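Report on the structure given below.
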Amino acid sequence: LSAKEKKKKASKFATLRKKLTRARRHSRSLDYGKSLKELLSTWGIRDISSLVHEYEALAAVKELAIAANLARPVANSLTQDLSNLYDYKFCTDVDLIYKGACFPAHRSILAIRSPYFRNILTRYPDYGCRVPIKLKTHGVDVQLFSAILRFLYTDELNTQELSTESNEILSKLAEEFGTPNPLNHDMKNLLDNGDFSDAVLVFSSDNEHGDPLGTVDTAQSMHAGSSRLTKLEIPCHKAILAARSPFFRNLIIRRARSGEELTERALRAPSRIILDETVISRRYARVLLTAIYQDCVDLSCIVRGSSSMCSLSEIQAMVASGKYHMTLCDEAMEIFQIGQFLDFPVLSQGCEDMIVESINTENLVSILSWSSEAHGSMWVHRQALHYLTEEYLQIAHSPVLFELSKNYLIEALSSDFLQAGELDVLSSILKWGEHQLIKRIEEREPNLLSHTAHSVSKKGVKKRDLNDVELREILANLLPLIRMDHVIPYSNDILNGAIKRGLVSTPPSHMLGDDIPSNRMCAWVRGRNNGIFVRPRLFTPYYDEAKAILEEQLSQAQDIDTGRVRMIHMSAIPDTLYMVEDRPFSLPYPTTPASPVDIIAGTIPVPDRSTMILMMHREQEFRKSKLAARAYSLPCADKRMVTYNIQLRVVREFGLPDSTVEVLQ
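The opening position of the sequence shown corresponds to residue 1 in UniProt numbering, with each subsequent residue numbered one higher.
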C-alpha cells in the first residue's frame, strides 16, 4: 500500500472504531453511581483498588476485542488491482515491442492515460497486434520503460529504484508522453464517456438466454429487435472488469480460450456480457460500475423508479420484512450480495460499512437476522451484536426487546462488556420471558374460541395467570447468565420477587450468609479464597464511579502517609493473581473446543506454510503494540484472553473462520 492509501484506510478504520466505541450517556447514570457508591462505602482502599484493577484489565481486553471484531481482509484498491493487472498480464489486447522486449498491455488504459500511446495505437487497431515503440528521448532502457508503463497503470513511480540518470530522463519523457491526469480522473472519463470500450454490460430481463449470468451474446449484438427495449446496455472495458473482479476475469479468459471472441474480433464489435436482472438488477448498474472504476460505493447512483425486474434476493427481503419500500440499508444489503457474487470486496465492504453506520434500535433485529443468514455478512453481524451490548439499556426499555431471539440475548448476556447493571438485565429478561409465555398461551388457544368474550386475545393475559414453572423453562438458558451476586442495590423488589416465584434457584451469596460487608465484597473482589468471586461486567457508570471513589480515597490517604498509599496501590492484588496462565480460560461466548482430530478431519482449515508464516509475523506485530503490552502488564490481566483476541484479529484479517485460531494456538 502507498503511504496515501495507508493513511486513508487508517483514517476510515479510526472513524468506524470511534463510532462503535463512542461514550454512552445513560439517563440513569447518577442512580448507578449512587448504587455502587453505597456498595463501596464500607470497603477499604485495598479492595476498591482491586475492583478498579479488574475494570482496567477488562477495559484493555475490550479494546482488543473491538479491534478483533472490526478485523476483515483488506480490499484491494483500484491502484493495487491495476498493478496486478500489469504484473500478471490478464486479458491483454496489444503487445508493445521496445528494444526487443515484449510488453503485453491493455489498449484502453494506455490510450486514456497518454496522448502518445493514444496516437500510436490508432495506427494499430487490430486485436493482439505488435506495436513497435520508438522514442525520441534517448537513454530509456527496458527497465525504465517498464517503470513508465507501471506508472500509467498505477500513478505510482518508485524513483528510489531508478538511477540518477533515469530521473533526469523522466522530465524529457513527460514532454513526449504527455503528463497524465490523476488516475481517478482518467478512470471516471472511461466510465462516463465509454471511450475505447471493448465490452458492453447488458442488463436483460429476457428469458431467452440459458445461462442467467455471464452469458455473452455475439450474433445478437448486431440486431436491435423489439427485445432491445427490455435491455440496459453500458459500455465498459474488459481490462478494468478483469482487474477488479475474478468473476469477470474468469469469464473473459474462458471466452478467449474457447475461441468465442473470434467473431467479435473479425467484426471489431464489443463483447456483450449479459446479466440477468433477476440476479443483478439494472437499478444497481451505476453503483457497480462506479465502484469498479472509482473505488467508491455511491448509493445515490441507484436508479429510482426503475421499471426493472426485482432481483430474487430483493423480493425475499421485502417478503421477510413485510415492507414494499426498500430503505438505503435494504439496498446496501442487496448490493452486498452482488459484490459477494462478483468477488469484488470493495463493493461488499463499502456496503458493510453503510449497513453498520445505519444500525439503530429500530432496524437492529432485521440486520441481526440478515447478517446471520448464509448470504449475510459475519462482519456486520459482529458489529450488530456489539451495538446490542452497547445499547442494551435503550433496547431493554423499548418494544424491540421482545423481537430479539433467545440466541441474541444469550450472546449479549455472555459478554463481559454488556452496558447494563445486573438489576436492569434481570428486569429485562423477566419481561422478555413473560412476553414469550403470553405468546405461547395465545398460540395454544383453540381457534374456535378466538375473538369470543372468553378468548385470551379478547381479555388479555394477566401477569398473575402466568405459570412460573413454564416461565422458568423459557428462561432456563438466560437466568444463569445473570450475575446475581452483582445485582445492586441488594434490597430490591425485582430480585426478591424472582426468588419468591422460584425463578432464581440459587439466591445471591450475600443472602445465604451473614449480612456483613466482607461477605458482600467477596463476589466482587478476587483473591479472598472463598470461591464466590464473579468477574464484574465492564459497565461504564460503575467503572467511572469506582475510579472516582478510589482517586478520592487515595488523595485523602496521601495526605496521611504517601509511602503507605504507594504500597497499597502496588500490592492491591495478591501475587498469585499474576499467574494467570495457570487459570482456566473462558471465551467471551460459548464455544465448542476443537480437538486435534478436528484439524485432521478438515473441520478447521489449515493455512498453507507461507500464509501461516505471515499470520505468525502479524501476531507478533500485534503482541508488540502498546495496547497489547499494556493489557499483558495489568495486574488482573487474563493473558489468555488477551492472546485469544490478538489471534482472532489475525485470523479475521486473513479471511479465515474463527476456528482457525486453534491452529495459531
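Beta carbons: idealized from backbone N, C-alpha and C, even for Gly. Computed from a predicted structure; not experimentally measured.
Other residues of its chain near residue i: CB distance less than 7 Å, five sequence neighbours each side excluded
{"i": "D575", "result": "Residue placement at D575 cannot be trusted, given a pLDDT of 38 that sits under 50; what the coordinates show is reported in the next sentence. Nothing meets the Cβ criterion."}
{"i": "A67", "result": "R649"}
{"i": "L466", "result": "E434, L437"}
{"i": "L58", "result": "D416, L538"}
{"i": "L289", "result": "L191, I234, C236"}
{"i": "K37", "result": "E545, I549"}
{"i": "F117", "result": "L110, A111"}
Nearest candidate by alpha-carbon position, reference residue i, set the options
{"i": "A536", "options": "V74, S50, G44", "result": "The residue asked about is misnamed: residue 536 is Pro in this sequence, not Ala. Among V74, S50, G44, the Cα nearest to that of P536 belongs to S50."}
{"i": "L149", "options": "W432, T611, C102, R630", "result": "C102"}
{"i": "P235", "options": "L299, A243, L190, K136", "result": "L190"}
{"i": "W524", "options": "D95, I438, L423, L39", "result": "L39"}
{"i": "E175", "options": "R501, T137, Y153", "result": "T137"}
{"i": "S633", "options": "S35, G33, A60", "result": "A60"}
{"i": "V469", "options": "L503, N496, H325, R257", "result": "L503"}
{"i": "N363", "options": "T327, T290, G100, F336", "result": "T327"}
{"i": "F196", "options": "A266, M615, T122", "result": "T122"}
{"i": "L481", "options": "E621, E331, A412", "result": "A412"}
{"i": "G100", "options": "K37, R130, Y116, L173", "result": "R130"}
{"i": "G305", "options": "Y284, L418, K624, L289", "result": "Y284"}
{"i": "A637", "options": "I48, T42, H53, L36", "result": "H53"}
{"i": "N184", "options": "F90, Q80, Q294, F177", "result": "Q294"}
{"i": "P605", "options": "D658, K626, Q558", "result": "D658"}
{"i": "F177", "options": "E260, L162, V142, P115", "result": "P115"}
{"i": "P635", "options": "S258, R526, F336, L262", "result": "R526"}
{"i": "L479", "options": "R520, S414, R444", "result": "S414"}
{"i": "V200", "options": "V663, L275, I646", "result": "L275"}
{"i": "L656", "options": "K626, R623, D608, E621", "result": "D608"}
{"i": "S358", "options": "V346, Y387, I335", "result": "Y387"}
{"i": "Q337", "options": "T278, R118, A384", "result": "T278"}
{"i": "F533", "options": "N250, T506, H486", "result": "H486"}
{"i": "A476", "options": "D493, E442, A384, W432", "result": "W432"}
{"i": "Y542", "options": "Q419, T611, K624", "result": "Q419"}
Start-to-end residues for the beta strand (DSSP E) that takes in residue i
{"i": "P235", "result": "231-236"}
{"i": "N201", "result": "Note on identity: in this sequence residue 201 is Leu, with Asn being the wrong assignment. Its beta strand (DSSP E) spans residues 199-204."}
{"i": "V94", "result": "94-98"}
{"i": "L275", "result": "271-276"}
{"i": "residue 751", "result": "Residue 751 is absent from the structure shown; the chain starts at 1 and stops at 665."}
First and last residue of the uninterrupted alpha helix (DSSP H) at residue i
{"i": "residue 702", "result": "Nothing can be reported for residue 702: it is not among the residues displayed for the chain, which extend from 1 to 665."}
{"i": "R623", "result": "609-623"}
{"i": "K639", "result": "639-653"}
{"i": "H397", "result": "Note, H397: premise wrong, no alpha helix (DSSP H); not H, not E."}
{"i": "M187", "result": "183-193"}
{"i": "H435", "result": "422-444"}
{"i": "S174", "result": "It should be noted that the sequence gives Ala, not Ser, for residue 174. Element bounds for A174: 164-177."}
{"i": "C351", "result": "345-357"}
Proximity test, residue i beta-carbon vs the ligand ADP heavy atom, cut-off 7 Å
{"i": "I109", "result": "This structure lacks the ligand ADP; in fact it carries no ligand of any kind."}
Check whether residue i and residue j have beta carbons under 8 Å apart
{"i": "F203", "j": "R282", "result": "yes"}
{"i": "Y55", "j": "A546", "result": "yes"}
{"i": "E403", "j": "V365", "result": "yes"}
{"i": "I133", "j": "Y86", "result": "no"}
{"i": "L170", "j": "R113", "result": "no"}
{"i": "P104", "j": "D198", "result": "no"}
{"i": "T79", "j": "D155", "result": "yes"}
{"i": "Q665", "j": "E619", "result": "no"}
Nonlocal neighbours in the same chain, by C-beta distance under 8 Å from residue i, ignoring five residues either side
{"i": "E581", "result": "The pLDDT assigned to E581 is 40, lower than 50, so where the model puts this residue is not dependable; a value taken from the coordinates is nonetheless given after this. Answer for E581: K639, R640, listed in chain order."}
{"i": "H223", "result": "The predicted model places H223 with a pLDDT of 38, which falls under 50 and marks its position as unreliable, so this point remains unresolved."}
{"i": "M354", "result": "V297, L299, L328, C329, A332"}
{"i": "T361", "result": "E391, Q394, I395, S398, V400"}
{"i": "T592", "result": "Any reading at T592 needs caution, since the residue's pLDDT is 37, under 50, leaving its predicted position unreliable; the model's value is listed next. For T592, where only same-chain residues beyond five positions count, there are no Cβ hits under 8 Å."}
{"i": "E653", "result": "A71, R72, P73, V74, R618"}
{"i": "I599", "result": "Reliability of the predicted coordinates at I599 is poor, the pLDDT of 46 falling under 50, and the value obtained from them is presented with this limitation in mind. Only V606, E662, V663 meet the Cβ criterion."}
{"i": "N158", "result": "A147"}
{"i": "L614", "result": "F654"}
6 Å CB neighbourhood of residue i in its chain, flanking five on each side removed
{"i": "Q553", "result": "I45"}
{"i": "V651", "result": "T660, V661"}
{"i": "R520", "result": "H510"}
{"i": "E168", "result": "none"}
{"i": "R501", "result": "D468"}
{"i": "L495", "result": "V487"}
{"i": "M187", "result": "Y293"}
{"i": "S35", "result": "I488, P489"}
Any 3 or more C-beta pairs closer than 8 Å across the region 420-429 and the region 68-80: no
Does the contact criterion of 3 or more C-beta pairs under 8 Å hold for the region 405-417 versus the region 376-383? no
Between the region 236-244 and the region 107-121, do three or more beta carbon pairs fall short of 8 Å? yes
Does the count of Cβ pairs from the region 246-260 and the region 341-349 closer than 8 Å reach three? yes
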